[in-house]
Every structure is written in structure tokens, then in C-alpha cells.
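Student:
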Amino acid sequence: MTSSTGDSGAAADDRRRRLALAATAIVVSIWGLQFVMIRLAVTTSLTATDVTLLRYIFALPVMIPILWRYGWRNGAGLGWRKAIILTLCGGAPMLMLSNIGLQFAPASHAACLQPGTVAVLSTLFLMMTSATRGTWLIPAGLAISVLGLAIVTLGGANAGAAASLTPLGDALFMASGLLWTIYTVLLVRWKASPLVMTAVSAVASIPLMPLFGLFLPMNILSAPVADLLLHGLFQGVVNYAIAFLLWAYAARVLGAVQMGYVAPLIPVFGVLFAIPILGEWPAHIQWLGIAAAVCGLGLIALAQKTPAHSVG
2 MTSSTGDSGA
12 AADDRRRRLA
22 LAATAIVVSI
32 WGLQFVMIRL
42 AVTTSLTATD
52 VTLLRYIFAL
62 PVMIPILWRY
72 GWRNGAGLGW
82 RKAIILTLCG
92 GAPMLMLSNI
102 GLQFAPASHA
112 ACLQPGTVAV
122 LSTLFLMMTS
132 ATRGTWLIPA
142 GLAISVLGLA
152 IVTLGGANAG
162 AAASLTPLGD
172 ALFMASGLLW
182 TIYTVLLVRW
192 KASPLVMTAV
202 SAVASIPLMP
212 LFGLFLPMNI
222 LSAPVADLLL
232 HGLFQGVVNY
242 AIAFLLWAYA
252 ARVLGAVQMG
262 YVAPLIPVFG
272 VLFAIPILGE
282 WPAHIQWLGI
292 AAAVCGLGLI
302 ALAQKTPAHS
312 VG
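Given below as C-alpha cells:
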């Protein structure tokens, strides 16, 4: 009986692990594809403001119940002052920077520069504030990542992009990555739930959208309904709600450290999806930059599991 029970438990654990791995693959694919879909939207019928607004409108049916459950009166227990700060860093302003950047630069740049900036800045912050230092993997990963990001940025514009505006898009991707880094640091410091704050930032971002609409173009009222549904469902439901829930499930089963290993795959999926969907091929030297950035991010992720050595 004991052996049978043990076998049953092991089989259940194995099944959960396989499901978690499948969920991880789906999430990484979605997060790589998001840059491609935004690029498709802002170069056809929609604007950066439209895509941002659609994301939050379609996410509201999922996010409002979460906010209601944890208490909307006090910012889900965090307090609205902190909630607003997190929204400004991880909500609509951060998305607008990225979405505007995709009007000027290829999706492969966004898929590489934005996650890469977050990884590099987060690791630098950890090194400056932690009482311990990691192995040689961390500085090596940082150096290789920065080199790769520089090659992607300076390696020449994609054939379908305006060369004179590509650097502006790249700068916006890195600025968006900076805001997201601040968001994640504050999230940890204030011990806020990522799921709850995702809901808070979605709801709190809605009032900000008219401000963007005053100064930036919007085509949402004249765009084809099919485009509105496609991008609204993908950005708001698939990318914002479903992907986060799948990620949370996978992290619970596999562990946060294990999940860190798959983050470097986001640029890979972004580049690969951009080729058939957008016809965007990176320049030859940029393939080298993308590979370097992915390898550097992989070393940084690997270092998270390597025993650290105390300072002094």
C-alpha cells in the first residue's frame, strides 16, 4: 500500500512538473510574441496609445475581481500612494515607452533590449545592495549582455526600419526596461504581491490614458473591429492575464530560481516570431549581438543558483 501510494504521489508530481514546463514554454512564447504583435499593430491600423488602452480594457474583467477581493479602498492593502508609484513604473507609462519605441525600431530590438536592460540593471542593483557577491558568472554575464545589447543597438537598422529613428526606439526600450526594474525593486522592497499589483496597475492605468490621448494620436474609433479584437484579446487577455497566471503556476511548481533560467529565451522567441509575421530580419552582426545577450542573460540566471561568497 505504501509503495503504491508513493508511486501515485511521484506520478502526480511528475505530471505537475510536465504541466509546469508546458506552461513555461507557453508563457515565454507569449512574452516573445508580444513585441511582434505590438509592432504589427503600430505599423498598420493602431497607435501606441490604442494598443496600451486595449490591453487594459480587455484585462479589466480579470483584474477588477482581484482588486476587489484584496481591497480597492486601500490599494489592495499597500496604500494608494505606493500603488500609484508602482503604476507609474510598471503600468501605462512603461508600456507607452515600449509601444512608442516599436513605432520606430524592429520587434527584435525590443525583445532583446527591454528584457536585457531589466536583467542587467536588476543584477547591478543586487550587487550594490547585497551583502554577498556571486561567482564570476555574474560579472561575466553582465559584460557579455552589455556587449550583446550594444551590438544590437549599434549594429544597423533592420531593412524595414527607418535607420534615423531606430536609435530613438532603442532608447525608449531601455527607458521602459529602467522603469520595469524600478517597479520590480519596489515590489520586493514593499513586499507587494505581483498578482495583486498587476491588477492594481491595470485598473489605475485607465485614468492615465486620457492624458496620453491629449498629446498622442489615437485611431481606436476608426480602426477595423477585427484589429481591435485581435490586439485587445492578445494584449489584455492572453499576454496580461493568462500568461501571468500560467507563470505563477509554473513558479509555484518549479520554483522561482528555475523559472529564471527561461527568461533568456524571450529574445529568441521575439526574433523568431518577427521573421515570418513582420518580415524583419536582423542584420548579420545583430545575430551575434542577440546571441551574446542571450548567453549573458543565461549566465546571470545560472549565477542565481551558484553559492555566493561573503564579502571579505
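Numbering-wise (this note's numbering), the sequence shown opens with residue 2 and increments by one. C-beta atoms are modelled at their ideal positions from N, C-alpha and C, and glycine is treated no differently. All values derive from a computational prediction rather than experimental measurement.
According to DSSP, is residue 100 part of a helix, a strand, or is it coil?
Tutor: In the structure shown, residue 100 sits in a helix (DSSP, three-state: H, G or I).
Student: May I ask you to verify whether the region 240 to 256 touches the region 84 to 98, counting CB pairs closer than 8 angstroms and requiring at least 3?
Tutor: Not touching, per the Cβ criterion.
Student: Among 97, 80, 71 and 27, which residue has its Cα nearest to the Cα of residue 177?
Tutor: Of the listed residues, the one whose Cα sits closest to residue 177 is 97.
Student: Tell me the rounded alpha-carbon separation between residue 153 and residue 278.
Tutor: Using only the alpha carbons, I get a separation of about 20 angstroms.
Student: Here's the rule I'm using: 16 or more other beta-carbon atoms within 10 Å means buried, otherwise exposed. How should residue 124 be labelled?
Tutor: Its Cβ being crowded by 16 or more others within 10 Å, residue 124 is buried.
Student: Within a Cβ cutoff of 8 angstroms, which residues of the same chain sit near residue 218, ignoring the five residues on either side of it in sequence?
Tutor: Hits under 8 angstroms: 48 and 50.
Student: What is the residue span of the alpha helix (DSSP H) that residue 128 lies within?
Tutor: Residues 108 to 130.
Student: Just reading off the alpha helix (DSSP H) that residue 143 is part of, what are its end residues?
Tutor: Residue 143 -> alpha helix (DSSP H) spans 138 to 155.
Student: Which two residues bound the contiguous alpha helix (DSSP H) that contains residue 282?
Tutor: Careful: residue 282 lies outside any alpha helix (DSSP H) and carries neither H nor E.
Student: Taking contact to mean 3 or more Cβ pairs, one atom from each stretch, closer than 8 angstroms, check whether the region 271 to 288 and the region 29 to 38 are in contact.
Tutor: Verdict: yes, contact present.
Student: Roughly how many angstroms lie between the CA atoms of residue 299 and residue 223, to the nearest whole one?
Tutor: Distance between the alpha carbons of residue 299 and residue 223: 43 angstroms.
Student: Would residue 129 be called buried (16 or more neighbouring beta carbons within 10 Å of its own) or exposed?
Tutor: Flag for residue 129 reads exposed.
Student: Should residue 14 go down as buried or exposed, given a rule of 16 or more other Cβ atoms within 10 Å for buried?
Tutor: Flag for residue 14 reads exposed.
Student: Using CA atoms only, rank isn't needed, just tell me which of 108, 122 and 148 is closest to residue 296.
Tutor: The candidate whose alpha carbon is nearest that of residue 296 is 148.
Student: Note down the Cα distance separating residue 94 from residue 53, rounded to an integer number of angstroms.
Tutor: Between residue 94 and residue 53, the C-alpha separation is close to 9 angstroms.
Student: Apart from the five residues on each side of it in sequence, which residues of its chain come closer than 7 angstroms, Cβ to Cβ, to residue 232?
Tutor: 38, 42, 47, 52 and 55.
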